[in-house]
Structures are given as C-alpha cells and as structure tokens.
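Undergrad: Numbering (UniProt numbering), first residue to last: 1 to 547. Quick one: this structure, given as structure tokens, is what I'll be asking you about.
What follows is the structure, given as structure tokens:
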C-alpha cells in the first residue's frame with residue numbers, strides 16, 4: 001500500500017513536532033510505502049534538515065508556510081480568472097463571516113466547501129492563488145463580506161489593518177491549494193492520505209480526495225482548532241480573532257466531514273471533533289505510541305528513590321503553573337519538613353526563560369537556604385535542573401529519583417511526561433487538565449488545577465504512605481505498557497489502513513508498469529461478477545414435488 005503522509009511543521013524535519021511518533025509509525029509499517037508531503041513553519045526548521053529516513057519512504061516533497069510572499073503565480077490572471085477568483089473567494093469570505101459568531105449549519109458548511117474547492121480548481125488551472133489573495137482585489141473582497149448584511153458585529157468593525165492581518169493569515173493557510181501535489185505522479189497515485197494533524201496539513205488530503213478520490217485519514221493528538229484558539233494572544237484585535245476562529249472552525253468541519261476515519265489521540269480531542277460535527281461512527285481513538293524500552297530498568301528495578309522527594313519534569317512555561325506547585329510545596333514543607341522538590345526541564349522560548357527566572361526568584365523567597373547546623377552550608381529544598389546536567393543525566397534516572405512525580409498544568413494536551421513516569425513505575429499527583437484523567441485511569445491522584453492546597457494534600461498523602469505509592473506505581477506501569485506503547489500504536493494504524501482501503505471504491509487508474517493493478521488498488525470483492533446472486537444457491541429453500 002502506498003500512503004501519502006501529510007505533516008505541518010513536523011516529520012521529517014529534524015526540529016519538527018511529533019517527529020518521533022511519525023518516524024516510529026513509518027518504521028513500524030515496513031510492509032507499506034510512504035510518500036512524505038511536509039509543510040514547514042520557519043526558515044530555521046528547513047535549515048535544520050531532515051531526519052534519516054527508512055527505505056520504505058520513496059519520496060519527500062516539501063513546501064513552506066512561513067515565507068512572507070505567496071507563490072506569485074496569480075499575477076497574470078485574465079478577466080475571466082479574476083471574475084472566478086472574486087466569486088469563489090467572496091463565497092469563502094461570506095461563509096467565514098456568517099460563521100464568525102460560532103454558529104454551525106449545513107448550508108454554511110456547504111458554502112465554505114464549494115468555495116474552497118472552487119479556489120483549488122482555479123489554482124490548478126491558473127498556476128496559484130498567492131498573489132491574488134494578497135492583492136487589493138482580495139482585501140476588497142474580504143471587506144465586502146465583512147460589511148455585508150447579516151455579518152456579525154466583530155466582522156463589521158474590522159479595520160483596514162485587521163483585514164490585512166486576516167488576509168495574510170488566510171493566504172498562508174490556503175497555500176496548499178496552490179501546490180502541484182495532486183497529479184498522477186504525486187498524491188493522486190496514493191492508496192491513502194494520512195494527515196498527522198488538522199488545519200493546513202489536512203488540506204492536501206482534502207484536495208487529493210476531491211481531484212482523485214483518494215481516501216483521507218486524519219490523526220489529531222492535539223486538536224488544531226483548539227491550538228489556534230489558545231495561540232491567539234490577548235494582543236490580537238477582536239475582529240482578527242473572530243474571523244480567524246471562524247475560518248479555522250469551518251475548515252475543521254470540512255475536514256471532519258470528508259475524512260474516512262478520524263483518529264484522535266484521546267477522549268479530550270475526540271470531544272472537540274464531535275463538537276465540530278465529526279460523525280461518531282467514523283472516530284477511532286488511537287493513543288500515541290511511546291518507546292518503553294528506555295524506562296524498563298527504572299520501572300522494574302527495586303525502588304531506591306528518596307522517599308521525601310517530589311519530581312516535576314517538563315517544558316518550563318506559564319501553562320505548567322509552577323507557581324502553584326511552589327506554593328503547594330510550601331504547604332507540604334509545613335507538614336513534612338524533610339520534603340524536597342526537583343524541577344527538571346528547559347524553558348520554552350523567551351517567555352519560558354522569563355517564567356523560569358520568576359519561579360527561581362519565588363523559590364528563593366519561599367524557601368531561604370537552610371542549613372542543618374551552625375557550621376553547615378545552607379541549601380534550598382527546591383532545585384532546578386535540565387536533562388543532561390550532572391544531577392539529571394537521563395529522563396529515567398530523573399523519574400526514578402523521586403517518590404512521587406507531580407504534574408501541575410492548567411492547560412495540557414496529551415501528557416507524555418506523565419506516561420514516562422508511569423513507565424518508570426512512579427506514583428503520580430496531577431491536575432485535571434486535558435487528557436490527564438484518561439491517561440491516569442485510577443492509577444494516580446488527580447486534583448483541580450490552580451488549587452495549591454489540594455495539590456499539597458495529595459502529595460503529603462503519598463509521601464506518608466509508601467505501600468500505597470508502590471501499588472499505584474505498579475498499576476501505572478501496567479496500564480502504560482498496555483495502552484501507550486509503540487507496538488499498540490503501529491498495530492492500530494495497520495488495521496485502520498486496511499479497513500479504509502477495503503471500503504473504498506476501486507480505482508481503475510492505478511496500474512503498475514506492466515498494466516496490472518497495484519496491490520490494494522482493487523479489493524478482492526471487486527472481482528465478484530455483478531450478476532452474483534445476493535443469496536447463494538445452497539442457502540435457497542428447496543422445493544419438493546407434491547405427493
């Protein structure tokens with residue numbers, strides 16, 4: 001089977017998101033061929049290069065979403081092409097404005113879809129949309145839709161600067177419509193398109209389905225629409241936020257309507273998809289696959305951890321709410337004076353660096369350096385380390401160094417750090433954010449977010465009960481090995497690939513060099529004659545002559 005794997009800002013780039021998951025999937029399905037179609041997010045990502053690829057990857061095609069200008073192919077539009085562009089883009093903008101208040105109807109969804117595919121056909125015939133989308137014509141078309149009767153107040157109040165911002169975003173998001181990926185020598189020859197996220201990554205799959213009838217599978221471990229909502233900072237203008245939210249909502253609805261199967265990574269993502277109109281019958285939850293081998297020694301070795309140490313591991317950023325964790329630890333220290341807290345992680349960008357500095361200052365204020373005696377050197381019960389430092393050489397050793405692993409996030413997608421702790425057989429205390437409850441499944445303690453007192457009480461309860469810690473740790477490791485390994489992930493997708501192809505119509509255009517059908521191009525049932533009776537003859541009732 002030939003699979004077109006669609007990514008945005010991820011695999012096969014060395015610095016991409018979800019690179020390990022995609023690489024493990026491709027390597028685990030060695031019996032299939034993969035063509036990679038990757039959209040890059042930045043110049044830095046492209047300069048980092050690609051990961052080493054296995055032999056089953058037969059083709060890699062890339063395109064940037066980060067460049068300031070479009071492809072320029074629409075400069076020479078004639079009068080007829082300009083009229084078609086104005087019609088289709090006006091319909092798309094009208095659907096965006098009609099949906100800006102969050103309402104979802106079949107008529108609006110159909111209007112958006114027809115306009116989207118109309119623009120794709122125009123780009124295919126005329127050579128691209130980039131220049132047209134960024135032109136004065138494109139801005140005026142968007143402005144007319146915002147000022148049309150029935151448009152929501154936020155859209156009507158959009159200023160010229162807001163319209164230019166939205167135009168630039170739409171041009172980048174719609175750039176896959178202008179790519180030459182949909183012919184017989186590219187995605188058109190695939191048996192299946194597998195988009196590893198929603199949004200722009202799934203757009204090539206939609207177009208391959210539209211132009212060539214290629215079935216589409218969409219996997220979302222972090223829902224693209226939710227990530228867009230969270231990524232819109234408070235500095236963005238209200239009109240910009242409303243219009244972009246409407247566009248991404250309409251795009252998500254179209255992706256969920258057209259995908260043969262959706263595979264969210266957890267129930268949290270599944271609820272988002274169903275809220276956007278996904279058919280529950282076409283959803284299969286597939287948990288991310290993680291390599292458990294590196295954590296085997298820590299998980300199976302006798303527990304030699306310091307019984308008074310709490311461990312936190314992750315990216316340092318405000319969403320992890322280390323401030324609440326430090327205040328909770330202050331309450332833990334009042335009940336358990338010998339307790340210690342290890343914070344192990346690297347800051348995530350400039351904002352994370354500033355947040356780490358704030359957390360260090362808060363720790364120094366809450367816990368002045370303490371000394372056991374008059375002649376001893378004082379030390380702080382809270383330590384900050386990074387993986388690879390002398391005190392934190394590897395992840396398994398960090399997890400194994402503490403009696404309890406703590407997660408304090410207020411926003412969380414799929415908590416991979418929590419699963420790593422479960423592989424190591426650690427008891428955990430977590431806040432109820434994202435898919436945490438689903439991952440834990442009763443093998444750890446869960447408390448409300450931003451509640452230092454509840455977090456402290458749960459930590460103290462486990463610090464004082466080593467037998468309970470051991471039971472929870474063993475149960476957590478068993479659950480992680482059952483649900484969250486690479487093997488179960490690869491096996492699930494292998495079955496889903498075959499399920500999709502077995503139910504898709506036969507495509508007579510897929511032939512090899514000798515003219516014979518390619519494997520999986522013609523399902524076995526397609527060879528049954530059309531006149532084959534619905535009921536076999538041996539099952540028909542027999543009629544005996546009357547006596």
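Beta carbons: idealized from backbone N, C-alpha and C, even for Gly. What you are looking at is a predicted structure, and each value in this text was computed from that prediction instead of being measured.
According to DSSP, is residue 422 helix, strand or coil?
TA: Helix, per DSSP.
Undergrad: For residue 382 versus residue 352, is the C-beta distance shorter than 8 Å?
TA: No. Outside cutoff.
Undergrad: Could you compute how far the alpha carbon of residue 184 sits from the alpha carbon of residue 208?
TA: In a straight line, the C-alpha of residue 184 is about 10 Å away from that of residue 208.
Undergrad: Grouping DSSP H, G and I as helix and E and B as strand, with all else coil, what is residue 90?
TA: The answer is helix: DSSP assigns residue 90 an H, G or I state.
Undergrad: What residue range is occupied by the uninterrupted alpha helix (DSSP H) comprising residue 195?
TA: Element bounds for residue 195: not the alpha helix (DSSP H) but the beta strand (DSSP E), 192-195.
Undergrad: Inspect the CB distances between the segment 196-208 and the segment 142-152 and report whether three or more fall short of 8 Å.
TA: Short answer: they don't touch.
Undergrad: Can you tell which of 8, 358, 4, 32 has the C-alpha that lies nearest to the C-alpha of residue 490?
TA: Among 8, 358, 4, 32, the Cα nearest to that of residue 490 belongs to 32.
Undergrad: Which of the three DSSP states is assigned to residue 171 in this structure?
TA: Helix.
Undergrad: Within 8 Å, do at least three Cβ pairs link the segment 235-246 to the segment 154-172?
TA: Contact between the segment 154-172 and the segment 235-246 is present, because at least three Cβ pairs lie under 8 Å.
Undergrad: For residue 306, list the residues DSSP reports as bridge partners.
TA: 402.
Undergrad: Would DSSP call residue 448 helix, strand or coil?
TA: Here residue 448 sits in coil by DSSP.
Undergrad: Closest by CA to residue 141, which one among 421, 93, 59, 257?
TA: Selected option, being the one with the closest Cα: 93.
Undergrad: Can you tell which of 181, 212, 484, 189 has the C-alpha that lies nearest to the C-alpha of residue 201?
TA: Looking at the Cα atoms, 181 is the closest of the given residues.
Undergrad: Using a Cβ-Cβ cut-off of 6 Å (strictly less than) and excluding sequence neighbours within five positions of residue 211, which residues of its own chain qualify?
TA: The answer, listed in chain order, is 182.
Undergrad: With DSSP collapsed to three states, give me the class of residue 223.
TA: Coil, per DSSP.
Undergrad: Here's the rule I'm using: 16 or more other beta-carbon atoms within 10 Å means buried, otherwise exposed. How should residue 425 be labelled?
TA: Buried, since its Cβ has 16 or more Cβ neighbours within 10 Å.
Undergrad: Which residues in the same chain have their Cβ closer than 7 Å to the Cβ of residue 143, if we skip the five residues on either side of it in sequence?
TA: Here the set comprises 163.
Undergrad: Taking the alpha-carbon positions, what's the residue 430 to residue 409 distance?
TA: Answer to the nearest angstrom: the Cα atoms are 8 Å apart.
Undergrad: Spatial neighbours of residue 349 within its chain, please: C-beta separation below 7 Å, excluding the five flanking residues on both sides.
TA: Here the set comprises nothing.
Undergrad: Who pairs with residue 37 in a beta bridge, going by DSSP?
TA: For residue 37, which the question treats as bridged, DSSP gives the partners 6, 61.
Undergrad: From the DSSP output, which residues share a beta bridge with residue 290?
TA: Looking at the DSSP assignment, residue 290 forms a beta bridge with 485.
Undergrad: Would you mind reading off the limits of the alpha helix (DSSP H) that contains residue 410?
TA: Here residue 410 belongs to no alpha helix (DSSP H), and DSSP marks it neither H nor E.
Undergrad: Leaving out five residues on either side along the sequence, give the residues of the same chain with a beta carbon under 6 Å from the beta carbon of residue 463.
TA: Once the five neighbours on either side are set aside, the close Cβ partners of residue 463 are 336.
Undergrad: Which residue comes first and which comes last in the alpha helix (DSSP H) that contains residue 437?
TA: Looking at the DSSP string, the run of the alpha helix (DSSP H) that includes residue 437 is 436-440.
Undergrad: Have a look at residue 74 and residue 95 and give me their C-alpha separation to the nearest angstrom.
TA: Low local confidence applies: a pLDDT of 42 at residue 74 is under 50, so the model's placement there is unreliable, and no value is given.
Undergrad: Pick helix, strand or coil for residue 181, following the three-state DSSP scheme.
TA: It is coil, neither helix nor strand.
Undergrad: Considering just the uninterrupted stretch of the beta strand (DSSP E) at residue 189, what are its terminal residues?
TA: Element bounds for residue 189: n/a, residue is neither H nor E.
Undergrad: Please classify residue 476 as buried or exposed, where buried requires at least 16 neighbouring CB atoms within 10 angstroms.
TA: Buried, since its Cβ has 16 or more Cβ neighbours within 10 Å.
Undergrad: Could you spell out the range, first to last residue, of the beta strand (DSSP E) harbouring residue 139?
TA: Taken as a continuous stretch (DSSP letters only), residue 139 belongs to no beta strand (DSSP E), being part of the alpha helix (DSSP H) at 136-147.
Undergrad: Please report how far the alpha carbon of residue 11 lies from the alpha carbon of residue 218, in whole angstroms.
TA: So the two alpha carbons sit approximately 15 Å from each other.
Undergrad: What's the C-alpha gap between residue 166 and residue 213?
TA: Their backbone Cα atoms lie some 31 Å apart in a straight line.
Undergrad: Based on the DSSP output, what are the partners of residue 313 in its beta bridges?
TA: Beta-bridge pairing links residue 313 to 344.
Undergrad: Can you have a look at residue 105 and say buried or exposed, based on whether 16 or more other CB atoms are within 10 angstroms of its CB?
TA: Under this definition residue 105 is an exposed residue.
Undergrad: Just the Cα atoms here: how many angstroms apart are residue 9 and residue 288?
TA: Distance between the alpha carbons of residue 9 and residue 288: 18 Å.
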